[in-house]
Structures are given as structure tokens and as C-alpha cells.
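One structure is given here, and the rest of the page talks about it.
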Amino acid sequence: MSKAIYEALSWASSYLTEKNREPRAAQLLLQHVTSKSHAALIADAHEQLKADEWAQFEHFIHQHGKGIPIQYLIGEEEFYGRHFTVNPSVLIPRPETEELIELVLTRATAVFGNETSLRVADIGTGSGIIGITVKLERPNWNVTVTDIDSDALHVALANAARLEAEVTGKIGDGVKALLDSSGKLDIVVSNPPYIADSEAADMSEVVLDHEPHLALFADNKGLAIYQQLCRDLPSVMKSPGIVAFEIGYLQGKSVQQLLQNAFPSAIVEVHKDINGKDRMVIATV
1 MSKAIYEALS WASSYLTEKN REPRAAQLLL QHVTSKSHAA LIADAHEQLK ADEWAQFEHF
61 IHQHGKGIPI QYLIGEEEFY GRHFTVNPSV LIPRPETEEL IELVLTRATA VFGNETSLRV
121 ADIGTGSGII GITVKLERPN WNVTVTDIDS DALHVALANA ARLEAEVTGK IGDGVKALLD
181 SSGKLDIVVS NPPYIADSEA ADMSEVVLDH EPHLALFADN KGLAIYQQLC RDLPSVMKSP
241 GIVAFEIGYL QGKSVQQLLQ NAFPSAIVEV HKDINGKDRM VIATV
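Using UniProt numbering, you'd call the opening residue of the sequence shown number 1 and step up by one each time.
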């Protein structure tokens, strides 16, 4: 039997609280189901939900109660002011990655000025948020997105098509995916797997049980992909060029040293995120 909007929200909030989930999720899920804004839900609080809306909402609440992330339930997440499709093949975008993009765009202006023909690669693209956002913010740049996982790359290219971002997609492991490309790269950006297996016990079950482990975990205390990239990148980078990584908050010095060893004359810096934690390493090579 259907319910009024206020009744549905009251039930859902109580249910999610019992399941140790954030009750605010009820509001977000009902907004999605009804296509109403937050303000409209308040204004229409006594309006009856349609039978199919109630059924969908009830299903979503039960699924979220089991730990399935809201973003996977509704199939999207906002990033840099745009909506990206997400599913369990890709990580859910985090706001810290917006800071990485801002850093890269700012540094590119400092290094390259108004140069418009830059070649850029987003390695390990996942849902495509980095490469697609860079392309949409700098339409004249030539952007390639790569991933080792074909399902993830499919999501990225679908997002690119929907957002009308003309990027090239390549399947492959790290720099190897770029070896058949013509010409070297001006900018490489990557948010690779960087969590050590030993950290799994401290992670949220929502992340651990539902987001793709291929995109989360790396060997060698979470440094394996950085080590691989720093070994291979010198052969594909132009000089001057920019290499930028998102990192775990305890990895700043280690990744900085890896990049410095790979590019001895580079200026390599660790930058903090909005929460004051080491989150990005950028090298001008």
C-alpha cells in the first residue's frame, strides 16, 4: 500500500537508523524516485506516492540498509558540477579528486600558458571523471583515458558520449595502454589503486563490500601502481610536462620520492586536500 511522502520518509529514516545507515539517504533516494527537489518534497509532504514510486523507494531503502551505496542504486554521482553514471564496475567519485583536477589545470596554465594542443592521459580512468572533466574544461586538449578493466572503460566511454566529451579510450595496464599512441604526452593524471591490503580491516563495509577491489587495493603497501608508473612514464613524457597523482594521506613522501627518482630534475610537490591531509603529488618534469 502506498504512503504519503512524509510517511515514507519517516519510515525510511527509522529503518535506516536501525541499520546504522545515514537517515539522510532517505531524502536523496526519494528525490531520485519522484524527480522532486528537496524543497518540493517538503511542499508536497502530504501528497500520496504512486504505487510504483513507493515500490521503488521501498526497494532502494532495503538495499541501502544492506550497505549498497546510494550512488550504485540511482546509477549516478555528481562530480565537478556534472552527473556521471556509476555502477559496481567503477569507484564512486570523491570530492578530493576535484581538487586534483583543479591543481592540474592551474599548473598547466603556469607551465604551458595558453598552449591549446596539449596531449593528456588519464591512466586508470574508472568512470572517466578525470579525463572527461579535463576535456570539458579544456576542449582543445587531446585527452586519452585508459583502464585495465574493460567494464570500467565501457562506463567511462559511455559517460564521455553522454557528456559530449571527445576522448579516446584505450584498454591496457598503465603506460602500456599508451605505447601505440603517436607522440609523447604533456600531462599524465592518475588516481590509481593505493590502499594496502593491511588497511582493509579499517575500511567502511560499504566501500569494502561493494566497490571494486581492483580499483582500491595495491601491493607493496599500496605503492605498487605508483612504482610501475614511475618506472614507465619517463619514456612517454615530454619536457616540460606534468605528472599528477592522487594518493593515500600517508603516502606523500613515498610517492614524492618515486617521482623524484624517475625524473631527477623535476620539481615534485605534495599538496594537501581541503581536510588538510596529503592527497596529491604533482611533478613538473
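Even glycine gets a Cβ: it sits at the ideal position worked out from N, Cα and C.
Could you check if C258 is buried or exposed, using at least 16 other CB atoms within 10 Å of its CB as the buried criterion?
Contrary to the premise, residue 258 reads as Leu rather than Cys in this sequence. When all chains shown are included, L258 counts as buried.
For the structure I just gave you, are there three or more beta carbon pairs, one from the segment 114-130 and one from the segment 260-277, closer than 8 Å?
The segment 114-130, when compared against the segment 260-277, does not touch it at the 8 Å Cβ threshold.
Which stretch, first to last residue, makes up the beta strand (DSSP E) that contains residue 293?
The structure shown does not extend to residue 293, since the chain is modelled only from 1 to 285, so the question has no answer here.
Nearest to N87 by CA position, among I68, A196, D147, F245, is which residue?
When only C-alpha atoms are compared, the closest one is I68.
With a 10 Å radius around its C-beta and 16 neighbouring C-beta atoms as the bar for buried, classify P193 as buried or exposed.
Buried, by the Cβ-count rule.
Given that a residue counts as buried once 16 or more other Cβ atoms are within 10 Å of its Cβ, and exposed if not, what is T106?
Under this definition T106 is an exposed residue.
When you compare the segment 203-221 with the segment 177-190, are there three or more beta-carbon pairs, one atom per stretch, that lie closer than 8 Å?
Taking 8 Å as the limit for Cβ pairs, the verdict is that the segment 177-190 does not touch the segment 203-221.
Tell me the DSSP secondary structure of F263 in three-state form.
Looking at F263 - three-state DSSP - the assignment turns out to be coil, as it is neither helix nor strand.
What whole-angstrom Cβ distance do A165 and K135 have, given they're in contact under 8 Å?
Sure, about 4 Å apart at Cβ, within 8 Å.
Which first and last residues belong to the beta strand (DSSP E) in which F245 is found?
Taken as a continuous stretch (DSSP letters only), the beta strand (DSSP E) holding F245 covers 237-246.
Am I right that residue 372 and P234 are in contact with their C-beta atoms under 8 Å? What's the rounded C-beta distance?
Nothing can be reported for residue 372: it is not among the residues displayed for the chain, which extend from 1 to 285.
Could you check the C-alpha separation between Y226 and W54 for me, to the nearest Å?
So the alpha carbons of these two residues sit roughly 47 Å apart.
Counting beta carbon pairs with one atom in the segment 36-47 and one in the segment 68-82, are three or more of them shorter than 8 Å?
No contact exists between the segment 68-82 and the segment 36-47.
Taking the alpha-carbon of I129 as reference, which of L153, V111, E115 has the nearest alpha-carbon?
Minimum Cα distance to I129 is reached at L153.
Please report the distance separating the alpha-carbon of F112 from that of R279.
Their backbone Cα atoms lie some 24 Å apart in a straight line.
Please classify I123: does DSSP put it in a helix, a strand, or coil?
Three-state result, I123: strand.
Which one of I132, S35, N142, E76 has the shortest CA to CA distance from R119?
The residue with the shortest Cα to Cα distance from R119 is N142.
Beta-carbon separation of V236 and Q256 under 8 Å?
No. Outside cutoff.
Assuming contact is defined by CB atoms lying nearer than 8 Å, are L30 and L16 in contact in what I supplied?
Their beta carbons are not under 8 Å apart, which means L30 does not touch L16 by this criterion.
Taking the alpha-carbon positions, what's the H32 to P264 distance?
Taking the straight line joining both Cα atoms gives about 50 Å.
Excluding the 5 residues flanking E22 on each side, which residues of the same chain have their C-beta closer than 8 Å to its C-beta?
L16.
Quick check on the burial criterion: 16 or more other C-beta atoms within 10 angstroms. Buried or exposed for I247?
When all chains shown are included, I247 counts as buried.
My assumption, with CB atoms under 8 Å, is that V155 sits in contact with V90. Please give the rounded CB distance.
The pair is a contact, with the Cβ atoms about 5 Å apart (cut-off 8 Å).
CA-CA distance, S150 and L216?
Rounded to whole angstroms, S150 to L216 spans 16 Å at the Cα level.
So what does DSSP say about K176, is it helix, strand or coil?
Here K176 sits in helix by DSSP.
Could you pull out every unbroken beta strand (DSSP E) segment of at least 3 residues lying fully inside the segment 65-93, listed in chain order?
Counting whole runs of 3 or more residues, the segment 65-93 contains the beta strand (DSSP E) stretches 76-79, 82-85.
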